[in-house]
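A short write-up of the structure that comes next.
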Amino acid sequence: MPDLLDLELQRGRLCPYTDSMDNSFLISYVPDQPGLMVASEGSGHGFKFLSVLGKYVVDVVEGKETECTKMFAWRDVPTGKNNGLEEGEQGWRILDKQKFVRKGAWKLQVSQGCVVLTLCISQGFCKTAESQRYMCI
């Protein structure tokens, strides 16, 4: 990856991401809707776990009750603060409230054997370590 440091990043894109209120998977029959089953948990998040979650989908279809099928079962929305979705249009997760990074504000560097992508949102303000993306080599 260090060979990429001299290359200029060409573009970025926005990828919508869906989520549940408690960030957990939902693999369950829908109450009061005979025959309707949901196996969901947000776009890429759920998709990358497909090879692991498939067996739990089968368990639900076959009516097997396991620790995981209980954990992923249909549930009410938890009360209190969760991941911000409960704030609706007033919350921070609304697209209109997001700041986008301009092309010239991307910076790649190597730090302790990792390629670090730093995103500078405005002049003098770069995202800190929790928002940086690392690719270790």
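If you count the sequence shown from 1, you need to add 9 to reach this note's numbering. For glycine and all other residues, C-beta sits at the position ideal for the given N, C-alpha and C. Bear in mind the structure is a predicted one, so any value in this text is a computation, not a measurement.
Three-state secondary structure assigned by DSSP to residue i
{"i": "L45", "result": "coil"}
{"i": "C145", "result": "Reliability of the predicted coordinates at C145 is poor, the pLDDT of 42 falling under 50, and the value obtained from them is presented with this limitation in mind. Three-state result, C145: strand."}
{"i": "Q99", "result": "helix"}
Endpoints, alpha helix (DSSP H) assigned at residue i
{"i": "V60", "result": "It is Ser, not Val, that sits at residue 60 in the sequence shown. Here the alpha helix (DSSP H) through S60 covers 59-70."}
{"i": "T88", "result": "It is not in any alpha helix (DSSP H) - T88 carries neither H nor E in the DSSP assignment."}
{"i": "K79", "result": "76-80"}
Anticipated Cβ contact below 8 Å, residue i with residue j, distance rounded
{"i": "E95", "j": "M30", "result": "6 Å"}
{"i": "L35", "j": "W101", "result": "Actually they do not touch by this definition, with Cβ atoms about 23 Å apart."}
The beta strand (DSSP E) enclosing residue i, as first and last residue numbers
{"i": "S37", "result": "35-38"}
Separation of residue j from residue i, as counted between CA atoms
{"i": "Q118", "j": "K57", "result": "27 Å"}
{"i": "Q107", "j": "E71", "result": "43 Å"}
{"i": "E76", "j": "N91", "result": "22 Å"}
{"i": "S78", "j": "S37", "result": "Before going on, a small fix: residue 78 reads as Thr here, not Ser. The alpha-carbon atoms of T78 and S37 are separated by roughly 8 Å."}
{"i": "L59", "j": "L104", "result": "27 Å"}
{"i": "T88", "j": "G97", "result": "14 Å"}
{"i": "V61", "j": "V39", "result": "22 Å"}
{"i": "G44", "j": "D68", "result": "15 Å"}
{"i": "M46", "j": "V66", "result": "9 Å"}
{"i": "Q99", "j": "D85", "result": "21 Å"}
Test item: CB-CB of residue i and residue j under 8 Å
{"i": "M80", "j": "S120", "result": "no"}
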